[in-house]
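Inspection log for the structure reproduced underneath, given as structure tokens.
Protein chains: 2
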Amino acid sequence: MSNIFFKIKEQEEIANQLDLDLYQRQAYLSKVADFANAYLDDLPQAKAYDKTGADKESFRIDGKPKSMDQILTIFKEQVTEPGIRASSGKHFGYIPGGGIYASSLGDYLAAITNEYAGIGYASPGAVAMENEVLDWLKKLFSFPQTAVGNLTSGGSIANLIALTAARDKYGVKNEKIRNSVIYLTPQTHHCIQKSLRIIGLEDVLIRYVPVDERYRMDTQALEKQIRSDQSEGLSPYLVIGSAGTTDVGAIDPLEEIAQISHRYGLWFHVDGAYGGFFILTSKKDLFKGIEKADSLVIDPHKSLFLPYGIGAVLVKDAKAVLQANLYMANYMQDALTDHLANDPANVSPELTKHFRALRIWLPLQLHGIAPFFANLEEKLLLTTYFRELLLVAGFGVGPEPDLSVSYFWYPYQGDQNAFNRRLLHHIHEDGRVFFSSTLLEDKFVIRMAILSFRTKKETIDQAMEMIQACLEKTKEEFGEQ
Amino acid sequence: MSNIFFKIKEQEEIANQLDLDLYQRQAYLSKVADFANAYLDDLPQAKAYDKTGADKESFRIDGKPKSMDQILTIFKEQVTEPGIRASSGKHFGYIPGGGIYASSLGDYLAAITNEYAGIGYASPGAVAMENEVLDWLKKLFSFPQTAVGNLTSGGSIANLIALTAARDKYGVKNEKIRNSVIYLTPQTHHCIQKSLRIIGLEDVLIRYVPVDERYRMDTQALEKQIRSDQSEGLSPYLVIGSAGTTDVGAIDPLEEIAQISHRYGLWFHVDGAYGGFFILTSKKDLFKGIEKADSLVIDPHKSLFLPYGIGAVLVKDAKAVLQANLYMANYMQDALTDHLANDPANVSPELTKHFRALRIWLPLQLHGIAPFFANLEEKLLLTTYFRELLLVAGFGVGPEPDLSVSYFWYPYQGDQNAFNRRLLHHIHEDGRVFFSSTLLEDKFVIRMAILSFRTKKETIDQAMEMIQACLEKTKEEFGEQ
Chain S
-3 MSNIFFKIKE
7 QEEIANQLDL
17 DLYQRQAYLS
27 KVADFANAYL
37 DDLPQAKAYD
47 KTGADKESFR
57 IDGKPKSMDQ
67 ILTIFKEQVT
77 EPGIRASSGK
87 HFGYIPGGGI
97 YASSLGDYLA
107 AITNEYAGIG
117 YASPGAVAME
127 NEVLDWLKKL
137 FSFPQTAVGN
147 LTSGGSIANL
157 IALTAARDKY
167 GVKNEKIRNS
177 VIYLTPQTHH
187 CIQKSLRIIG
197 LEDVLIRYVP
207 VDERYRMDTQ
217 ALEKQIRSDQ
227 SEGLSPYLVI
237 GSAGTTDVGA
247 IDPLEEIAQI
257 SHRYGLWFHV
267 DGAYGGFFIL
277 TSKKDLFKGI
287 EKADSLVIDP
297 HKSLFLPYGI
307 GAVLVKDAKA
317 VLQANLYMAN
327 YMQDALTDHL
337 ANDPANVSPE
347 LTKHFRALRI
357 WLPLQLHGIA
367 PFFANLEEKL
377 LLTTYFRELL
387 LVAGFGVGPE
397 PDLSVSYFWY
407 PYQGDQNAFN
417 RRLLHHIHED
427 GRVFFSSTLL
437 EDKFVIRMAI
447 LSFRTKKETI
457 DQAMEMIQAC
467 LEKTKEEFGE
477 Q
Chain C
-3 MSNIFFKIKE
7 QEEIANQLDL
17 DLYQRQAYLS
27 KVADFANAYL
37 DDLPQAKAYD
47 KTGADKESFR
57 IDGKPKSMDQ
67 ILTIFKEQVT
77 EPGIRASSGK
87 HFGYIPGGGI
97 YASSLGDYLA
107 AITNEYAGIG
117 YASPGAVAME
127 NEVLDWLKKL
137 FSFPQTAVGN
147 LTSGGSIANL
157 IALTAARDKY
167 GVKNEKIRNS
177 VIYLTPQTHH
187 CIQKSLRIIG
197 LEDVLIRYVP
207 VDERYRMDTQ
217 ALEKQIRSDQ
227 SEGLSPYLVI
237 GSAGTTDVGA
247 IDPLEEIAQI
257 SHRYGLWFHV
267 DGAYGGFFIL
277 TSKKDLFKGI
287 EKADSLVIDP
297 HKSLFLPYGI
307 GAVLVKDAKA
317 VLQANLYMAN
327 YMQDALTDHL
337 ANDPANVSPE
347 LTKHFRALRI
357 WLPLQLHGIA
367 PFFANLEEKL
377 LLTTYFRELL
387 LVAGFGVGPE
397 PDLSVSYFWY
407 PYQGDQNAFN
417 RRLLHHIHED
427 GRVFFSSTLL
437 EDKFVIRMAI
447 LSFRTKKETI
457 DQAMEMIQAC
467 LEKTKEEFGE
477 Q
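In order, the protein sequence lines correspond to chains S and C.
Numbering-wise, the first sequence is residues -3 to 477 according to the working numbering.
Numbering-wise, the second sequence is residues -3 to 477 according to the working numbering.
See the structure below:
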């Protein structure tokens, strides 16, 4: 054996470099913590958007070790500076992200302890923690405790889980697909159509139910369409409502949709990825009916201010979820019990997964719930405030929004779309505050999505100041009206 | 407006609690870092397995803030202590995990900066970093640089992406499903069957190709089955090989499977989740043919020692991947370019995602590649060493393993399965070192999977000592042979 001892020793000396001792860990952590603190302290001054690209060459993996200083310099210059600074309170584009500090401590501990969060046998605590977070969500949304749930990487996988459960509950497969009908609106998030393609429902019939003037599903049209489809021998099986659309933050009339869905025997799914957590604000009433949904998606990395990488799904019919996801072989499906759904691996496409529960549980315990809800209420107020400032400055604004997404445009008398496109161009060139745009019935509008926990009244004032400056520039180019 | 100012102010005071100042961050980080250091320094002494469960009540989210000390105490007692200690070098069960320290720094920074890694427009750097990691993987496995790839949450989603691409390439949908045939072996990981159910292929025909005495696919049987299926008018379209099976670490004859697959016009997928990175060890030759695969899955959270939450997939046919995953609407598919596949959101079911690239890129840059490969080579040597010790101690061991998974049993002359079950029971009761088991042709065997970067020669010696003690106990109960 002496030969193998020698060979092991030889590898061991190099291999051990991955297992850092206390001194090395402290030295690296100190550098990383200093970097993070400088980054965070610089945030209020930093631009929210820099249209410079990244130099892919700078990331080259050549196999040779580099110093932490070199690595952090590349990270700073090539990752944090170009593009959108998603951690900034001055990010008003798309759906802004979060990134509260307490979550980063959760991720740090999750990586070090490396608990296996997929199966309770391996890590009873990590799994119990995930299930406690899910139980808390069930209470928030008045779902029964018998519902099953999962913490996913984001809204897309969460929606995919719900859509798969609905598919399996109604046996929509093979030749039945072309005959089955799903109802949504033109404002439904694209990840739904993408999920449908992934789960094999590319050819399912999708009805785009018309929306009212505030982009909410027209429930009369919905019911009419369902009846018409049923009378033609088709198989309607799923209605998808949004609790906060991405484009304008509209909440579909959930109560009415729930009643219609169930009257006709359809599954009612709610995508509340963006807006879900606003249920605990003064806007609570708009969510009435959400508790009647058969499945619900909410994204803690949106309206709970967590860093990207955590979504959630709740589904009332446990068996429907287990049908596709149960990890064990088919022949064990007769043994289905409530207990099986406690293992995240049985209710999600994932098996081994990131121990995500810690990045939500730790902040909820550390801060309590109050500051999360205060943030949401504050975002609603800031939305109102921003819209008032825009009106005073001569902008047109969309209708009173349901939540914290709205839009505006400058009412230029010539080519209004061209004018507003140019205005947004200047806003992007400036970059201090970031906005994105959308097209609403061919009208180009600038969106304002207020969802960062770092967005404050001063941020709105700064945004307004920048918009004014960009407006002046655009006016000069286009000529006064 | 004064009314709204007052209301904003009111919420702001509570809301601001989520945005910690430098002093608060340092205080919390200091506690968390101390906790992590104590945890890591205690690892060599800690048990690898504790069969105690967790108390779900202890995780209760009651909405009230708690101190970091309280939180860390719950985490220690209820999460890190019960179950399997996946960070331990004494974890030899299932496929052991990693959790190198450098990754935890990557996760910490990813959460704080919250870069949006799904689309290059939002974070050119985060996306370029992911693509550089993927390019590095393409080089490792001799895949063309035109292949597309994605960093997923683990092997399951990675396999799902590959299986979806194969499905779409061959147009396996609707009524074609029941006529389409997939070839794998009884040793193929269950996540494949699960993925097939999720992507709507529940009723596809699955042929379990027989394996040889070392559990590798019998390629003659494969070819015979394909010909027979084709002659019966069925549509074979996919062969799945494993580069390191979970049960015994066997590598299927990849070169032969590649040739047969392509001779008959089938997609060849390789699941290298466990074994992939061993390609850069002395076992390189066993991977010959992997470069001919149409798609490949590897799991950096397995054989690259990273914490749970990162898998990878490579697919040669970009268009096949984009078909289901492209985020944009269908009508834009004519505009497909190479460029689209650069955005992770277009080649994965995810849209918003965890910025995973940093937890792999940072360690690769900090340590260089050498210590990763030295670790893998060391694990191979330790496997040989462990098997020799077991033989000397009178155990039976499986055939010379391809990689670092093997198995053993005590050759008891009575009810051998009962004896070895009891032996494993004692091993679990002891808990210092953790093993899991499997059934091979009705023979109960104890698996030894050596893949933790913390598993060293001393760890094997400790394991052997514990096994001896448990063997004595079992012998006493069963009576000497």
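We treat Cβ as the ideally placed atom computed from N, Cα and C, and that holds for glycine.
Is the stretch 90 to 97 of chain C in contact with the stretch 7 to 27 of chain S, if contact means three or more CB pairs nearer than 8 Å?
-> yes
Locate the beta strand (DSSP E) running through A308(S), then write down its first and last residues.
-> Mapped onto the first sequence, residue 308(S) falls at position 312. Residues G307 to V311.
Would you kindly work out how many angstroms separate the C-alpha atoms of K471(S) and T241(S), rounded to a whole number?
-> For this step, residue 471(S) is matched to residue 475 along the first sequence. For this step, residue 241(S) is matched to residue 245 along the first sequence. Distance between the alpha carbons of K471(S) and T241(S): 32 Å.
In this structure, what does DSSP give as the bridge partners for M125(S)?
-> As a working note, residue 125(S) is residue 129 in the first sequence. The partner list for M125(S) (beta bridge, DSSP) is empty, contrary to what the question assumes.
Applying the criterion that 16 or more other CB atoms from any shown protein chain within 10 Å of the CB defines a buried residue, is N371(C) buried or exposed?
-> Working through the second sequence from its first residue, we reach residue 371(C) at position 375. Classification for N371(C): buried.
Specify, as a first and last residue, the run of the alpha helix (DSSP H) that S227(S) falls within.
-> Position 231 of the first sequence, counting from 1, holds the residue named residue 227(S). Where S227(S) is concerned, the enclosing alpha helix (DSSP H) stretches over T215 to S227.
Buried or exposed: where does L68(S) fall if 16 or more other Cβ atoms within 10 Å of its Cβ makes it buried?
-> For the purposes of this step, residue 68(S) is identified with residue 72 of the first sequence, where counting begins at 1. Buried, because 16 or more other Cβ atoms sit within 10 Å of the Cβ of L68(S).
Close-in-space but distant-in-sequence residues of the same chain around Y112(C) (CB under 6 Å, 5 per side omitted) | Residue mapping note: residue 112(C) aligns to position 116 of the second sequence, counting from 1. Result list for Y112(C): A118 and S119, in chain order.
Could you name the residues of the stretch 242 to 268 of chain S whose beta carbon sits closer than 8 Å to any beta carbon of chain C, in the order they occur along the chain?
-> none
Uninterrupted beta strand (DSSP E) stretches inside the stretch 429 to 458 of chain S (no shorter than 3 residues) | 432 to 436 and 439 to 445
Spatial neighbours of G150(C) in its chain, beta-carbon cut-off 6 Å, leaving aside the 5 residues before and after | The residue you call residue 150(C) lines up with position 154 of the second sequence. Closer than 6 Å at Cβ, skipping near neighbours: G307.
Residue range of the unbroken beta strand (DSSP E) whose run includes Y204(S) = Within the first sequence, residue 204(S) is the residue found at index 208, counting from 1. Residues L201 to Y204.
Spatial neighbours of I173(S) within its chain, please: CB distance less than 7 Å, with the 5 preceding and 5 following residues excluded, ordered by chain position.
-> Numbered from its first residue, the first sequence carries residue 173(S) at position 177. L197, D199 and V200.
Count the other C-beta atoms from every protein chain shown that fall within 10 angstroms of the C-beta of E473(C), then say buried if there are 16 or more, exposed otherwise.
-> Counting from one through the second sequence, the residue named residue 473(C) turns up at place 477. With fewer than 16 other Cβ atoms within 10 Å, it is exposed.
Proximal chain S residues relative to F449(C), where beta-carbon distance stays under 8 Å | As a first step, residue 449(C) is located in the second sequence; it is residue number 453 there, counting from the start. Near F449(C) (Cβ distances below 8 Å), the residues of chain S are A11, L14 and D15.
Alpha carbon of L105(S) to alpha carbon of K375(S), nearest angstrom | Start at 1 with the first residue of the first sequence, and residue 105(S) comes out as number 109. Start at 1 with the first residue of the first sequence, and residue 375(S) comes out as number 379. Distance between the alpha carbons of L105(S) and K375(S): 30 Å.
Could you tell me whether the Cβ atoms of V293(S) and A269(S) are closer together than 8 Å?
-> Counted from its first residue, the first sequence places residue 293(S) at position 297. Counted from its first residue, the first sequence places residue 269(S) at position 273. Cβ atoms of V293(S) and A269(S): closer than 8 Å.
Whole angstroms is fine: what's the gap from S99(S)'s alpha carbon to E346(S)'s?
-> Your numbering for residue 99(S) matches position 103 in the first sequence. Your numbering for residue 346(S) matches position 350 in the first sequence. Roughly 22 Å separates the two Cα atoms.
Within this structure, are the beta carbons of H265(S) and L234(S) separated by less than 8 Å?
-> Mapped onto the first sequence, residue 265(S) falls at position 269. Mapped onto the first sequence, residue 234(S) falls at position 238. Yes, Cβ-Cβ distance for H265(S) and L234(S) is below 8 Å.
Tell me T69(S)'s beta-bridge partners as DSSP assigns them.
-> If you number the first sequence from 1, residue 69(S) lands on position 73. Bridge partners of T69(S): none, in fact.
Supposed close pair V168(C), P232(C) - CB separation, criterion 8 Å | For the purposes of this step, residue 168(C) is identified with residue 172 of the second sequence, where counting begins at 1. For the purposes of this step, residue 232(C) is identified with residue 236 of the second sequence, where counting begins at 1. Not confirmed; about 11 Å, so no contact.
Would you mind working out which of W405(C), S257(C), M64(C) and Y19(C) sits nearest H363(S), comparing C-alpha positions?
-> Taking the first residue of the first sequence as 1, we reach residue 363(S) at position 367. Ranking the options by Cα distance to H363(S), first place goes to M64(C).
Cβ neighbours of D208(S) in the same chain (closer than 8 Å, five flanking residues each side left out) = For the purposes of this step, residue 208(S) is identified with residue 212 of the first sequence, where counting begins at 1. Hits under 8 Å: D214.
Does the stretch 47 to 60 of chain C come close enough to the stretch 73 to 80 of chain C that 3 or more CB-CB pairs lie under 8 Å?
-> yes
Using 8 Å as the threshold, is the stretch 381 to 388 of chain C in touch with the stretch 255 to 264 of chain C, meaning 3 or more CB pairs across them?
-> no
Quick one: does S99(C) have its CB under 8 Å from some CB of chain S?
-> Your numbering for residue 99(C) matches position 103 in the second sequence. A Cβ of chain S is located within less than 8 Å of the beta carbon of S99(C).
Go through its chain and collect everything with a Cβ distance to T455(C)'s Cβ below 7 Å, but skip five positions before and after it.
-> Taking the first residue of the second sequence as 1, we reach residue 455(C) at position 459. Hits under 7 Å: G85 and K86.
Neighbour list for L362(S) in chain C, Cβ cutoff strictly below 7 Å | As a first step, residue 362(S) must be located in the first sequence, where it is residue number 366. Residues of chain C passing the Cβ test: P61, K62, M64 and I67.
Can you tell me the Cα-Cα spacing of F415(S) and I236(S), whole angstroms?
-> Here residue 415(S) refers to the residue found at position 419 when the first sequence is read from its first residue. Here residue 236(S) refers to the residue found at position 240 when the first sequence is read from its first residue. In a straight line, the C-alpha of F415(S) is about 36 Å away from that of I236(S).
What number of angstroms, rounded off, separates the C-alpha of G305(C) from the C-alpha of T148(C)?
-> Position 309 of the second sequence holds residue 305(C). Position 152 of the second sequence holds residue 148(C). Taking the straight line joining both Cα atoms gives about 8 Å.
Output yes if chain C places a C-beta closer than 8 Å to the C-beta of T142(S); else output no.
-> Here residue 142(S) corresponds to residue number 146 of the first sequence, with the count starting at 1. Cβ-Cβ to chain C under 8 Å: no for T142(S).
Quick one: is Y204(C) buried, meaning 16 or more other Cβ sit within 10 Å of its Cβ, or exposed?
-> The sequence position of residue 204(C) within the second sequence is 208, counting from 1. So Y204(C) ends up on the exposed side.
Contacts of Q74(C) in chain S (Cβ-Cβ under 9 Å) | Along the second sequence, read from residue 1 onward, the residue named residue 74(C) stands at position 78. What Q74(C) touches in chain S: P120, G121, A124 and M125.
Closest Cα partner of A341(C) within the set N127(C), I4(C), E373(C) and I253(C) = Position 345 of the second sequence, counted from the first residue, corresponds to residue 341(C). It is N127(C).
Closer than 7 Å, Cβ to any Cβ of chain S: which residues of the stretch 306 to 323 of chain C, in chain order?
-> A320, N321 and Y323
Write down the C-beta distance between F88(S) and F449(S) rounded to the nearest angstrom, noting that I regard them as a contact closer than 8 Å.
-> Walking along the first sequence from the start, residue 88(S) turns up at place 92. Walking along the first sequence from the start, residue 449(S) turns up at place 453. 14 Å between Cβ atoms; not a contact.
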